[in-house]
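Below is one structure, written out as structure tokens, with a few remarks after it.
Protein chains: 4
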Amino acid sequence: MVTMNRNKVVIVGTGQVGSTAAFGIVTHGLCNELVLIDHFASKALGEAHDLDDGSEFQDRHVKVHAGDYADCKDADIVVITVGRKPPANSTRLAELGFTIGLVGDVVDNVMASGFDGVIVMVSNPVDVMAWYAWKRSGLPRTQVLGTGTALDTSRLKTIIGEETGLDPRNVGGFVMGEHGDSQFTAWSTVSLGGKPFARFLADNQDRFASVSTEEIEAKTRMRGNEIVAAKGGTNFGIASTVAGIVQTILWDERRIVPVSTLLDGEYGEHDVFLGVPTELRANGANEIVELDLADDELAKLHRSADIVRSYCEGLL
Amino acid sequence: MVTMNRNKVVIVGTGQVGSTAAFGIVTHGLCNELVLIDHFASKALGEAHDLDDGSEFQDRHVKVHAGDYADCKDADIVVITVGRKPPANSTRLAELGFTIGLVGDVVDNVMASGFDGVIVMVSNPVDVMAWYAWKRSGLPRTQVLGTGTALDTSRLKTIIGEETGLDPRNVGGFVMGEHGDSQFTAWSTVSLGGKPFARFLADNQDRFASVSTEEIEAKTRMRGNEIVAAKGGTNFGIASTVAGIVQTILWDERRIVPVSTLLDGEYGEHDVFLGVPTELRANGANEIVELDLADDELAKLHRSADIVRSYCEGLL
Amino acid sequence: MVTMNRNKVVIVGTGQVGSTAAFGIVTHGLCNELVLIDHFASKALGEAHDLDDGSEFQDRHVKVHAGDYADCKDADIVVITVGRKPPANSTRLAELGFTIGLVGDVVDNVMASGFDGVIVMVSNPVDVMAWYAWKRSGLPRTQVLGTGTALDTSRLKTIIGEETGLDPRNVGGFVMGEHGDSQFTAWSTVSLGGKPFARFLADNQDRFASVSTEEIEAKTRMRGNEIVAAKGGTNFGIASTVAGIVQTILWDERRIVPVSTLLDGEYGEHDVFLGVPTELRANGANEIVELDLADDELAKLHRSADIVRSYCEGLL
Amino acid sequence: MVTMNRNKVVIVGTGQVGSTAAFGIVTHGLCNELVLIDHFASKALGEAHDLDDGSEFQDRHVKVHAGDYADCKDADIVVITVGRKPPANSTRLAELGFTIGLVGDVVDNVMASGFDGVIVMVSNPVDVMAWYAWKRSGLPRTQVLGTGTALDTSRLKTIIGEETGLDPRNVGGFVMGEHGDSQFTAWSTVSLGGKPFARFLADNQDRFASVSTEEIEAKTRMRGNEIVAAKGGTNFGIASTVAGIVQTILWDERRIVPVSTLLDGEYGEHDVFLGVPTELRANGANEIVELDLADDELAKLHRSADIVRSYCEGLL
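Protein chains in written order, with full-length UniProt numbering: chain A, 1 to 316; chain B, 1 to 316; chain C, 1 to 316; chain D, 1 to 316.
In structure tokens:
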């Protein structure tokens with residue numbers, strides 16, 4: 001049908017993460033129209049102009065502009081990246097409260113526009129914020145998801161690629177649970193070139209003698225912190241992840257991605273958002289794949305659930 | 001370094017397969033320069049012009065032109081697609097002899113140019129032709145490979161995607177052996193969303209009650225013939241596969257693809273080319289992944305090897 | 001908004017042109033869902049399977065399937081490529097009548113579905129068929145357009161690129177009028193690197209001594225026939241052009257492309273479809289750019305209009 | 001030929017501009033190998049990891065890693081983005097001296113590696129730095145170029161696109177001269193849809209009554225400063241521009257881009273680098289297009305040349 005608003009994406013929050021995600025979306029040419037919203041309108045405008053300025057060198061012309069919440073009305077996806085760098089003497093709890101305040105306002109404004117698309121939550125702690133946005137928005141569970149352990153999973157594959165000298169996209173498997181310290185690699189699901197990863201290593205001992213799963217898992221968990229230490233934040237990895245999730249939704253590709261989504265009985269958990277392999281479709285997060293986790297993996301998942309739930313308590 | 005010949009690909013044979021592979025390469029923008037060679041020079045010229053004519057609407061400008069074997073001298077990849085549609089009363093053996101004659105001439109001409117890149121064989125029976133080209137060219141085994149069961153594997157994933165309503169790229173695993181009737185799906189290697197495929201089906205019985213692995217395997221094996229019956233040949237699937245292999249080599253991506261490569265002890269086989277998962281690098285086919293095949297799968301692989309070897313006998 | 005049918009394209013007619021256009025669309029990843037319709041359902045199914053089979057090697061997953069006219073109901077674009085190779089003893093008039101019959105049926109079927117998107121006509125003579133489809137469909141003029149001289153313009157740029165050794169995308173300007181023998185290059189509009197083309201040649205006489213605008217124009221006009229003579233038809237150039245037009249519409253890029261559109265006073269012509277520079281938006285063909293043509297160019301445009309109108313007479 | 005180092009790009013300086021350019025290159029999939037060098041090795045490593053981390057969601061796998069100057073030996077392109085934000089009380093001259101020191105060291109280190117590719121200078125004032133790098137490196141003039149007015153030209157087109165509601169890529173023409181305050185729009189070269197821009201506006205007075213060339217030129221000149229005021233710097237526009245230049249060189253596309261290159265008699269100027277339309281090939285900056293500038297435009301070019309030359313005096 002004739003419509004001028006195909007594939008409209010709104011990004012709320014134009015800090016390093018939000019603006020770089022916008023750049024990934026523009027460079028991949030994923031939508032017709034990309035709207036940036038920021039508490040500081042001039043910041044959104046500056047980012048929009050900067051993104052637009054390279055249009056001669058992009059393959060597809062995405063219309064980028066600064067906007068306001070009214071733009072969410074007919075948007076397909078709203079990406080929420082609001083947050084701040086914690087002040088020096090802040091506590092984890094204080095920061096949680098601060099971000100919840102921001103996210104609550106954003107969700108209220110988005111919903112007030114008449115929005116009926118998919119919210120992709122990026123603000124941290126992402127599992128808490130996605131859950132809160134779901135509760136507060138009243139949207140169906142499919143339509144609210146967080147980036148979850150999608151970036152952690154891509155990191156796992158990247159690190160395996162670095163260690164083995166192979167294309168990361170050869171790797172199958174998932175990092176699961178909290179996007180945070182309690183996350184874990186579900187090694188029982190990790191494969192490389194059609195083999196369980198451990199077996200792949202064992203069969204290629206001479207080539208990969210120095211590669212260990214413990215080290216890979218530790219590197220995966222620490223990667224974000226190391227990047228923050230080196231450059232003061234992370235933006236490229238999360239931007240590519242957001243662009244990938246946006247593509248999968250807009251193209252209705254039905255790719256299985258470990259986004260943060262509501263567990264409603266799956267893995268024996270309820271009323272908590274965690275990163276678990278999920279079929280992404282045009283309407284957001286659909287079926288969760290229930291992996292046959294090893295007992296220790298399942299225990300880690302429950303621990304992650306407990307931790308995330310503890311953050312959520314009292315927020316409503 | 002300053003060089004005008006980065007990423008030069010030559011395609012020999014501009015029938016439906018060769019020319020459509022060229023279109024895939026141009027549309028993906030994979031190389032600087034694409035040269036078409038055909039026994040009928042005017043055919044190559046016509047295809048080159050037709051490919052070039054859409055240049056305004058392509059993302060990258062690939063220089064396409066008709067050429068001759070001297071163009072192979074500094075080429076990175078030569079794709080060989082020569083062949084003919086068998087005359088009505090021809091026999092399999094007669095056709096084999098005919099194609100061997102063509103391929104032999106092409107290989108001699110390519111090597112006479114001073115070529116030292118990677119040969120990607122597409123002409124059928126591809127396992128025989130790749131082996132023959134390797135023998136005849138004197139190139140290292142890494143530098144001669146056939147498309148093997150790469151297309152069959154993509155078909156398997158596509159059919160699983162169609163049957164389950166999921167993105168084919170969620171599927172891991174390989175079709176192996178001869179690119180022909182004796183090929184088999186190594187089900188023990190097939191996974192979907194981090195689960196063995198059989199388990200995935202079992203866990204989703206209500207959604208996928210009608211899906212059976214036997215049927216999927218049969219469909220995969222018959223797919224080519226059905227397409228030939230419907231449209232008189234196949235070109236798009238194989239063109240995408242060739243483009244994918246060319247990308248993986250030119251970018252040195254080190255992706256594991258079941259190309260046809262020399263077995264030299266792997267899986268207990270020698271001196272035969274078969275489709276097996278192989279690390280593709282800038283120099284072509286590197287390490288073969290030795291999967292832990294089930295006994296019946298291994299038996300099928302040996303049977304494939306015997307069949308391919310029997311075709312090869314007496315060809316040198 | 002949540003919708004499963006974003007960016008749905010239907011191609012009617014799966015001959016060489018229709019199926020190769022489909023391959024261009026899939027390889028560029030332009031839509032979510034691509035439906036093929038053919039009088040011979042098995043042909044459409046075979047092409048759909050062949051297109052789908054390479055999905056592992058494509059960047060985005062486009063769902064391709066064979067369908068029927070009911071699929072047009074919620075399609076954004078319907079591309080019509082029906083036609084036949086003229087029998088040996090056929091006349092131009094007989095062929096026109098034959099194709100009109102096909103196109104009329106297709107348009108009726110498309111409209112009966114409730115279609116309210118953009119028709120992109122490819123069937124030849126394209127200016128006649130686009131006009132006829134517009135009349136017959138009752139759609140607003142914006143929503144029916146033909147490929148017009150978009151391919152001829154790309155050919156002009158490509159040939160200038162070949163002759164000068166420069167990127168065709170440096171060239172500005174248009175081939176206009178009938179997509180046929182009476183087409184003409186509006187040289188007064190052709191520029192290269194910011195200069196009128198004639199001036200560019202004059203200023204670089206030593207480099208481009210052998211380049212002449214007459215020869216370029218003649219080559220552009222003959223290019224299609226030469227390709228047909230060499231390979232029995234053309235498909236790649238037109239496929240890239242169709243993909244380019246589809247992209248421009250779906251992304252609402254507002255690119256100016258010389259599609260075939262209704263002249264309603266522009267250039268002093270009425271009730272005729274001709275290739276003229278036109279702003280393409282999400283709703284199809286919008287404003288026509290009225291170039292300041294030289295007198296002889298304007299005369300050629302009128303001649304083209306007369307020829308196309310003469311074909312249209314008596315068709316309703 | 002078999003080589004593992006096709007299309008290797010090195011970026012020196014991983015501040016906002018360098019790292020975002022790297023992200024553009026990775027997202028477009030332009031090279032095999034991308035190496036980041038920074039005075040602070042941990043910064044380069046952090047950026048490399050962050051860039052690599054999204055590899056699962058990229059179309060092509062680019063190997064990104066932190067490196068050192070030895071990596072330049074076989075690189076095709078070295079992009080130099082070193083610089084600093086001026087301290088509060090610094091003067092323009094002091095900053096020039098500081099950056100010259102940095103660039104001189106970088107060039108010496110790059111050349112010491114045995115580098116023989118193309119230097120793309122991004123550090124500001126870019127015309128001065130490109131000239132200095134050319135002098136200091138001893139490379140042929142083709143092999144040293146600056147981003148010049150390529151970004152300003154893209155901005156001009158973008159702003160025209162914003163003002164007219166059309167695709168910026170419809171616009172032809174160039175911003176020329178210094179990448180700085182003395183730059184100018186060569187309006188005599190600017191066209192839109194095959195018409196001189198002024199004529200296009202005049203012919204569409206009702207639609208574009210509010211659009212003025214003076215305002216567009218002023219907006220183009222101020223755009224960078226406005227973005228800096230809004231977000232503290234610019235990175236996306238320049239990153240897309242760098243990626244575009246890298247693509248044009250690596251693909252040998254021969255696109256005409258107003259990079260900063262040595263004037264050696266063209267436009268009556270000598271021994272100065274300025275942004276002028278230049279044919280980019282695999283070996284860098286080739287023929288300069290000498291536009292037929294209006295007298296006032298030519299005067300502005302000479303003024304720009306004088307200003308840039310005045311900065312260069314005494315630097316050697």
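Backbone N, C-alpha and C fix where the C-beta goes; we use that ideal spot for every residue, glycine too.
N- and C-terminal bounds of the beta strand (DSSP E) containing residue i
| i | result |
| --- | --- |
| C:A285 | G284 to I288 |
| A:G275 | H270 to G275 |
| A:H179 | No beta strand (DSSP E) contains A:H179, which DSSP labels as neither H nor E. |
Nearest-angstrom Cα separation, counted from residue j out to residue i
| i | j | result |
| --- | --- | --- |
| A:E269 | A:L145 | 17 Å |
| B:Q58 | B:G67 | 22 Å |
| B:M222 | B:I216 | 10 Å |
| A:S304 | A:A48 | 38 Å |
| A:K195 | A:D181 | 28 Å |
| A:W134 | A:G224 | 26 Å |
| C:D71 | C:L36 | 9 Å |
| B:A150 | A:F200 | 21 Å |
| D:L139 | D:V118 | 9 Å |
| D:G83 | D:I100 | 9 Å |
| D:S154 | D:L166 | 14 Å |
| A:V259 | A:T248 | 12 Å |
| A:G177 | A:H61 | 37 Å |
| C:D76 | C:S113 | 13 Å |
| B:V107 | C:A230 | 25 Å |
| residue 331 of chain D | B:D252 | For residue 331 of chain D there is no data in the structure shown, the boundaries of chain D being 1 and 316. |
Residue range of the alpha helix (DSSP H) that includes residue i
| i | result |
| --- | --- |
| A:A22 | Q16 to H28 |
| A:S55 | Careful: A:S55 lies outside any alpha helix (DSSP H) and carries neither H nor E. |
| A:E226 | T213 to K231 |
| C:L280 | No alpha helix (DSSP H) contains C:L280, which is instead part of the beta strand (DSSP E) from T278 to R281. |
| D:V190 | Note, D:V190: premise wrong, no alpha helix (DSSP H); not H, not E. |
| C:E297 | D295 to C312 |
| D:E163 | A150 to T164 |
Beta-carbon proximity of residue i to residue j, cut-off 8 Å
| i | j | result |
| --- | --- | --- |
| C:V257 | C:T278 | yes |
| A:Q183 | A:V190 | no |
| A:R254 | A:L291 | no |
| C:E33 | C:K8 | yes |
| A:L250 | C:R6 | yes |
| C:A239 | C:T91 | no |
| C:I227 | B:D50 | yes |
| D:V120 | D:V12 | no |
| C:D52 | B:T158 | yes |
Task: Against chain A: residues of the region 51-79 of chain D by CB proximity under 7 Å - done: L51, D52, D53, G54, S55, E56, F57, Q58 and H61
Task: Secondary structure, alpha helix (DSSP H): runs of 4+ residues fully inside the region 70-133 of chain C - done: 92-112
- [ ] Can you give me, in chain order, the residues of the region 170-191 of chain C that have a beta carbon less than 9 Å from any beta carbon in chain D?
- [x] N170, G172, G173, F174, A186, S188, T189, V190 and S191
- [ ] Anything in the region 240-253 of chain D with a Cβ closer than 8 Å to a Cβ of chain B? List those residues in chain order, please.
- [x] Q247, L250, W251, D252 and E253
TODO: May I have a chain-ordered list of the alpha helix (DSSP H) segments no shorter than 4 residues that lie completely inside the region 240-264 of chain A?
DONE: none
Task: Chain-ordered residues of the region 250-282 of chain B with a beta carbon less than 7 Å from chain D - done: L250, W251, D252, E253 and A282
Task: Under 7 Å (Cβ pairs) to chain D, residues found in the region 35-49 of chain A - done: S42, K43, L45, G46, E47 and H49
Task: Under 7 Å (Cβ pairs) to chain D, residues found in the region 215-228 of chain B - done: none
Open item on the list: Counting only Cβ-Cβ distances shorter than 8 Å, please list the residues of the region 289-309 of chain B near chain A, keeping chain order.
Closed with: V289, E290, L291 and D292
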